[in-house]
Every structure is written in structure tokens, then in C-alpha cells.
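Number of protein chains: 4
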Amino acid sequence: MSKAERTKEFIIQKTAPIFNKKGYAGTSLSDMTEATGLTKGSIYGNFADKDEVALAAFAYNSSLMGVAVRTEMAKRSSYRDKLMVYADVYGNFGAVGSSLEGGCPILNTITEADDTHPQLKARAVDALMAWKERLTALIGEGIKAGEFRGDVDAEETAVTMIALLEGIVLFVKATGKQTHRRFLVNSLTRLIKEL
Amino acid sequence: MSKAERTKEFIIQKTAPIFNKKGYAGTSLSDMTEATGLTKGSIYGNFADKDEVALAAFAYNSSLMGVAVRTEMAKRSSYRDKLMVYADVYGNFGAVGSSLEGGCPILNTITEADDTHPQLKARAVDALMAWKERLTALIGEGIKAGEFRGDVDAEETAVTMIALLEGIVLFVKATGKQTHRRFLVNSLTRLIKEL
Amino acid sequence: MSKAERTKEFIIQKTAPIFNKKGYAGTSLSDMTEATGLTKGSIYGNFADKDEVALAAFAYNSSLMGVAVRTEMAKRSSYRDKLMVYADVYGNFGAVGSSLEGGCPILNTITEADDTHPQLKARAVDALMAWKERLTALIGEGIKAGEFRGDVDAEETAVTMIALLEGIVLFVKATGKQTHRRFLVNSLTRLIKEL
Amino acid sequence: MSKAERTKEFIIQKTAPIFNKKGYAGTSLSDMTEATGLTKGSIYGNFADKDEVALAAFAYNSSLMGVAVRTEMAKRSSYRDKLMVYADVYGNFGAVGSSLEGGCPILNTITEADDTHPQLKARAVDALMAWKERLTALIGEGIKAGEFRGDVDAEETAVTMIALLEGIVLFVKATGKQTHRRFLVNSLTRLIKEL
DNA sequence: CATGAATGAGCGTTCATTCAT
DNA sequence: CATGAATGAACGCTCATTCAT
Chain A
98 MSKAERTKEF
108 IIQKTAPIFN
118 KKGYAGTSLS
128 DMTEATGLTK
138 GSIYGNFADK
148 DEVALAAFAY
158 NSSLMGVAVR
168 TEMAKRSSYR
178 DKLMVYADVY
188 GNFGAVGSSL
198 EGGCPILNTI
208 TEADDTHPQL
218 KARAVDALMA
228 WKERLTALIG
238 EGIKAGEFRG
248 DVDAEETAVT
258 MIALLEGIVL
268 FVKATGKQTH
278 RRFLVNSLTR
288 LIKEL
Chain B
98 MSKAERTKEF
108 IIQKTAPIFN
118 KKGYAGTSLS
128 DMTEATGLTK
138 GSIYGNFADK
148 DEVALAAFAY
158 NSSLMGVAVR
168 TEMAKRSSYR
178 DKLMVYADVY
188 GNFGAVGSSL
198 EGGCPILNTI
208 TEADDTHPQL
218 KARAVDALMA
228 WKERLTALIG
238 EGIKAGEFRG
248 DVDAEETAVT
258 MIALLEGIVL
268 FVKATGKQTH
278 RRFLVNSLTR
288 LIKEL
Chain C
98 MSKAERTKEF
108 IIQKTAPIFN
118 KKGYAGTSLS
128 DMTEATGLTK
138 GSIYGNFADK
148 DEVALAAFAY
158 NSSLMGVAVR
168 TEMAKRSSYR
178 DKLMVYADVY
188 GNFGAVGSSL
198 EGGCPILNTI
208 TEADDTHPQL
218 KARAVDALMA
228 WKERLTALIG
238 EGIKAGEFRG
248 DVDAEETAVT
258 MIALLEGIVL
268 FVKATGKQTH
278 RRFLVNSLTR
288 LIKEL
Chain D
98 MSKAERTKEF
108 IIQKTAPIFN
118 KKGYAGTSLS
128 DMTEATGLTK
138 GSIYGNFADK
148 DEVALAAFAY
158 NSSLMGVAVR
168 TEMAKRSSYR
178 DKLMVYADVY
188 GNFGAVGSSL
198 EGGCPILNTI
208 TEADDTHPQL
218 KARAVDALMA
228 WKERLTALIG
238 EGIKAGEFRG
248 DVDAEETAVT
258 MIALLEGIVL
268 FVKATGKQTH
278 RRFLVNSLTR
288 LIKEL
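Residue numbers (this note's numbering), protein chains in the order written: chain A, 98 to 292; chain B, 98 to 292; chain C, 98 to 292; chain D, 98 to 292.
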């Protein structure tokens, strides 16, 4: 990895949590220099503009979710258990010190960038659709394997799961209490059991 | 209503949709003067600062939701039908020309202001909790009236409903298509039927 | 005159000589705040951007030439004497303390802005063409009045006069000495005598 | 020619037209790296700073004029014809694709650098004076050879010729049309005929 | 109460320049 | 010698805010 690539990575890692917490408009270049210890000139030496950093930071945040889910999922064997991984991972979003302090980047970005930053929004929508398709495929495999009922609507279940998971993020952000999280995990468990 | 009160109301009505679309950090005082046709001095004559307008705008946006729900709910008699009102109202968030173009203000505000604007976040959390309690109470009345099963957990159902409703907002914002909306309305209908 | 108009005028008067000396690219907003004692915000409160100030400054500089020429010209009666006014006025361009320290704004602007600032260049070209036409008309009147020969090409004479006058500006700028100026005034005198 | 000398030459050739078109203040180091394909470090390895490149570029641009004039002049025998060479060469300044697209470097540099870059201005003044002296000498030779009248003021004629030639550059830049050029060539021809 | 005019800090970005490799 | 990577100052411009009128 060249020096430039290392610095780019470094900038992304240091700024990604800030973008996730403060949003695109709320994150300034001064925030970025403070977090990295680099100068503005150095950041502009490695990225074309603030946009490019924001897009890279979103991709990075987005990938963190994926990694957390995949590593945990590999440990489980039944499809039902695999689906339940999400409930565990999403309950930790927003927790201080977790890898994604600011909550789910997809939710954050679609919410903020909807009317202000079309390119960033497009990336977040792509990520949301990819997520939905991954879930749909997983449920489809469960059906094929005979673990889930044959008359299950895989896509509808996937969309519903995502709604419940983002609901967890929202309520955890809102109150920080575990009560609401438990409610939603219950609903999620019931949904998965009925498959 | 005094002239001062009328002007305040006017400013709130004109700026509330902007705050809902662009967020707190993304909305500038120039946006506000442009939307109202007033001068900056005039806005500062009626509000202490941008914060105060943002708080009032959030309250206004928040109340719009309540009004839409209440007027529709009054027309329905069974508790099951009353609960279904939300599905109708939330499906229209994000639609151009609707009273709440930018989506659900509670979701928007908790998502954006979580780490940047504690006071605004507190108001949004209050609104979310009040909403949850209103729903919980409504379900409780349905139980008391014998329409819903006695062993239903009212609060859990309320939280789950909110997650599905915010899910609708998210997916409508993301894709603009009705497919995902229908999936979530299905899940919502099933949830309410099983009460 | 409103306060805004007075401030605009003030900004133009203070910045116009700087634009004429340093050019568009060489004049910074800091130059402008220093010259006026105003803040950047104040300048942007009165002009849309640096371009708008530059265009106004060019118009102002351009008009200064016209005023100097017209007041002097009014004192002379014969067309030959009227034409000679230019020689007097242009010899003072570039002199420290004169109203147009930086030289002829038309020459400066066409030279600098040719490949860098099309709008500004267009204004300068307009001014040059207007000047040529004014001169052509003046010579035409001299012909009609019987003071000049009938076979004189008015436009060719006008263009030649302008070249000699801009030559004065160039040589005065270059050396500051009067020798070259005298040479060109001689040529100009001969040209006018032969009309 | 060493490698260092070759690189220096290369940088000068590639950047000289940019300096002539955009001026000293308007030409950035990024313009220079873009034009040469070299890095900033490489340019600083061959020149002390931007100034030094600008001075070399001016010298290069200046010499281009001289070359064009000398090669053409060698083909002509009478002094009158030799003097007319300038009219041909100067009419092509500013023409796209010509070796000196941005016009006459002497006029450009004295106009821009008058109040901003004394060293560069000094070089341009030197070049102007050298030009004047070359012209004066040429006319002197013509007198000595008996081709021109004995009472001709050689220096005055030289200065006047330069003014008419720079006038051509100015008007060609301004309008791009040949009409004004023809007027000035007429005046120039008349001036030379009368010698 | 509203306006018009100003402020100063901060914005994202580009500048000329340096220097270890 | 040339490069890649950095720097800090300055760029043009917008921000939220103030206050005399």
C-alpha cells in the first residue's frame, strides 16, 4: 500500500465516524483536520473535495456493518439463527465506543441527504437495496433448504426485518434504554419463528 | 392573535418544511428570508436565534402529523380501524405536495440532531415517547373494550407499529416506489389483526 | 442617495484604482477590505461577487477618462484643438496621483482579460468601440464644418489616433520619461494637421 | 545540452504561452504542471520559484517575436520593405495557433506587471527599449544608405511605428476583425513611405 | 416591530512552496 | 534530478448574529 493509499485510508477511518454522527452538512473541514491532525491542504491532496471524502466515508461505514454481520453469521448454522444475527448487531449501533457510534449509516444518510445531496443519497439507496436483496436471498435459501415454509414472501419479510432493525436504531438513539430494543427484538424473533 | 404572534406563526409555517427537508445544519438564515420574504432583522425580532425557530418549526411539523391522524381517526369506530389510520397517513410522507414533504420530523430530527443539537433532539424524543404512549393507551382501550385479546403487550405492539411506520417513510424516501410500502402495510395489517 | 448606494459608490471609488493597477486576477478581496476599511461581509452585502465589483470599477475608471476629456474639450472651439485634447489627457495616465494611476483601463482590461474574463473583456471592447465611434463622429463633424479635407477617412484616422494615444500610455508606463511622449504627440499633431 | 538544461527548456516552452495568455498572477503552478506533465517538485528542482519561470518565459516569448521578424526581414532588400515586415508579423498576434497566441508579450507584461512585479516589468521595458533601438538603427542605416530623407527623426519614427504595431495587437485582440488592422497598416505604410 | 447595513468567524478550496525519499 | 506528500497562508464567499434607524 503506497503512502497515498495509507493516508487516504487514515483520513477515511478518522472522519467516517464524524460524518456518521454529524452528517454531511454538519461535518466541516476543520472537524476533519482536527480528527486527523492533518492540514486542509493535505486532505485536498488526497481527495478532490469534501464530497469525495463523504462518499468514501459512507462506503467505509457501510462496510463496517457488513463485516460485523458476516463474521457473526459464519458462526451460526441454521438460517433462523443466521437471520437473528442482525438483531444482535443492530442493538449495538449508537452505543458509545462501538464501531458505528452514530447509528446506521444508511438510515442517517437517506434521512439527511434526501433533499440535499443526491449523489450521497444514491449510494445509500444502493446500499439499502443491496441489503434487502441479501436478506431476500438468505430467506430464499432457507426456503429451498426446507427450513422455512414454502409460502413465505421472502422480500416482504426482508423489508419488514429492515424496518424493525432500523426501529431498533431509532429507539436506542432516542432513549438509550434497552426496553424498546427488547420489544423490537421480540417482534423480530416472532417474525423469524413464523417463517 | 397579536401581530407579533401572527408573524411568528407565519415564519414557522414558511420555514418548517425547509427544516424538515434540509435539516437544522442544512437550513440557513438566507433560506429562511427567502421563504418568508422577510429580512434577517425581522426574523431576529421575533425569535431569539436560529435554534428557537428550529424548535418551533419542529413542534409545528410534529403537530401536523397529529392533526392528520386525529381527523382521520375520528371517522373510524373500531379500534382496529383506528390503528390502521397510521398506515394511510405515513404512506404519504415524502410525497411531493403533501404537508410534510421531508418525511417524518421525528425520524429526521432524532437522526440528525442526535450528536449535534441536544435540545432539539430532546424535543424529538419527547414527541416519540408521547406518540408511543398515545398508541399504547389506544391499544389498552381496545383491550378494555374487549376488541383485542387480553394477553396483548400494548407497549410492545406500539413500538413495533412505530418501527414499521418509520420503515415506510424510509423506503418511500429511498425508492419512491409503492412495492416496499405495500410490504410494510401488509406486516402492519397482520400485526393489528392478531391483536 | 440611499446608504446602500453611497456605500456601493464608496467601494467602487476606493477599489477602482486597485483594479486598474493590479488587474482583476491580481486584486484580492483583502486588497478591497484594506482599501475601504470595510469587511468582506459588507462588500458582499453590496455586490453579488468580485466580478460585479470589477465590472463596476471598470465602468467607473472608464467614465473618468470621458469626464477628463469632455471638460477639457468644452473649452476649445476648433475641431483640430478638440482632437488635441486627447494628447494632453493621455499623457497624464500613469502619473502618480492622477485620477487614473494605473493607465488606460481599456488597454489594461483588454490585455489582461482577453483569455481569462470574457464578460469584463466584452465591456472593455464596448468601451473601445464607443471611443472609436465618438472620435469618428467628431472627425466627421470637422469634415462637414469644412475644417477638415473632404477625402479624409474618419474611421481610419480615429483608429490611428487611438493607437498613438495607447502608445503614449505604454511608453509613459515603461520609462516614465517625457521623450517618448513628445515623439508620439508630434506624430499625433502631424496626423491632425494633415486632416 | 545537459538533461537539466533540456528540462528547463521544456518547461519554458510549455509554460510560456500560458504566461502570455493568462499573465503572471493568472498563471498558477497547477497550470504549469498540467501543461508540462511534470510535478511541482520537478519544476522547483529546475527553477528557484514561479518568478524565475516567469522571467524565463518572458525572455522566450520575447525572442519568438525577434526570430519571426529576423527570418522574414532577411528575405527583403530595401529598408522600406524591411520595415514593413513588422506589419505582417504583428497582424498575426492573437491569431489562434500562432506562436504567440496571447498577443505581444511586451505589451502584456508592461500592462500587467507595471505595479505588481517590478523585476518582470524591468525585463519588458528592456525589451521595449531594445526594440526601439533596433528600429532606430535600422532607420538610421536607411538614411545613411540614402534610401530615406536626411531630415527624418529616426527615434521618433521608431516610437511611432511601435505605437501603431501595438495598436494592431490591441484592435485584433478586441474585435478579431481585419478592418481595424487594415486601417493601421495603411497608417504604417504611409509613415514608411514618407521617410 | 421591521428594516437595512454591517460584522467577524468560519466555510470549502487553491495557492506557492518545501523536503524526505 | 524527480517524485509524492505535505504545509500554512491566502483565496472568494456564506454564515449566524447585531443594532442604529
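By construction, the Cβ of each residue, glycine as well, lies at the ideal position given by its N, Cα and C atoms.
- Taking 8 Å as the CB threshold, Lys118 of chain D lines the interface with chain C.
- A contact is defined here as three or more CB-CB pairs under 8 Å, and the segment 208-222 of chain C fails this definition with respect to the segment 126-136 of chain D.
- Residues of chain D whose Cβ lies closer than 8 Å to the Cβ of Phe280 of chain C are, in chain order, Asp250, Glu252, Glu253, Val256 and Thr257.
- Scanning C:Ile109, C:Asn283 and C:Gly142 for the CA closest to the CA of Asp128 of chain C turns up C:Ile109.
- Counting only Cβ-Cβ distances below 7 Å, Lys270 of chain B has contacts in chain A at Ile207 and Asp211, in chain order.
- Pairing Leu197 of chain B with Ala260 of chain A gives a Cβ-Cβ distance that is not under 8 Å.
- Collapsing the DSSP output to three states places Lys172 of chain D in coil.
- DSSP places Gly123 of chain C inside the alpha helix (DSSP H), whose first and last residues are Lys100 to Gly123.
- In the three-state reduction of the DSSP assignment, Arg246 of chain A falls in the coil class, being assigned neither a helical nor a strand state.
- Listed along chain D, the residues sitting closer than 9 Å to Asn283 of chain C by beta-carbon distance are Asp250, Glu253 and Thr257.
- Among the CB atoms of chain B, none fall inside 8 Å of the CB of Glu131 of chain A.
- Within a 10 Å sphere around the beta-carbon of Thr168 of chain C sit fewer than 16 other beta-carbons, which makes this residue exposed.
- Listed along chain C, the residues sitting closer than 8 Å to Val222 of chain D by beta-carbon distance are Ala271 and Thr272.
- In this structure, the alpha-carbon of Thr286 of chain C lies about 47 Å from that of Tyr141 of chain C.
- Taking a C-beta distance under 8 Å as the contact criterion, Val266 of chain B and Leu204 of chain B qualify as a contact pair.
- For Glu252 of chain B, the uninterrupted alpha helix (DSSP H) run begins and ends at Ala251 to Thr272, by DSSP.
- Taking 8 Å as the CB threshold, Ala156 of chain A stays off the interface with chain B.
- For Glu149 of chain D, the closest Cβ of chain C is not nearer than 8 Å.
- Residues of chain D with a Cβ closer than 7 Å to the Cβ of Leu267 of chain C are, in chain order, Leu204, Ile207 and Glu263.
- The beta carbon of Gly123 of chain D sits closer than 8 Å to some beta carbon of chain C.
- Under the three-state reduction of DSSP output, Asp211 of chain B falls in the coil class, being neither helix nor strand.
- With respect to the 8 Å criterion, Tyr176 of chain C and Leu235 of chain C are classified as neighbours on the basis of their beta carbons.
- Here Val164 of chain C is exposed: its Cβ has fewer than 16 other Cβ atoms, across all protein chains shown, within 10 Å.
- Secondary structure of Gly163 of chain A (DSSP, three-state): helix.
- Around Ala154 of chain B, the same chain offers Ile109, Thr112, Ala113 and Phe116 as residues with beta carbons nearer than 7 Å, after the five sequence neighbours per side are excluded.
- Counting along the chain, the unbroken alpha helix (DSSP H) around Thr130 of chain A starts and ends at Leu126 to Thr133.
- A direct Cα-to-Cα measurement between Gly247 of chain D and Leu292 of chain D gives close to 9 Å.
- Contact of Leu225 of chain C with chain D is assigned, a C-beta pair being separated by under 8 Å.
- Put simply, of B:Gly120, B:Glu263, B:Phe144 and B:Lys119 the residue whose alpha carbon is nearest the alpha carbon of Glu106 of chain B is B:Phe144.
- Thr206 of chain D and Tyr157 of chain C have their C-alpha atoms some 24 Å from each other.
- Counting along the chain, the unbroken alpha helix (DSSP H) around Phe280 of chain C starts and ends at Gln275 to Lys290.
- Here Asn189 of chain B carries a coil assignment [DSSP, helix/strand/coil].
- Chain-order list of chain C residues neighbouring Gly199 of chain D: Asp211 and Asp212, by C-beta distance under 8 Å.
- Not a single CB atom of chain C sits nearer than 8 Å to the CB of Ala234 of chain D.
- DSSP, reduced to helix, strand and coil, places Leu197 of chain D outside both helices and strands of the structure shown, so it counts as coil.
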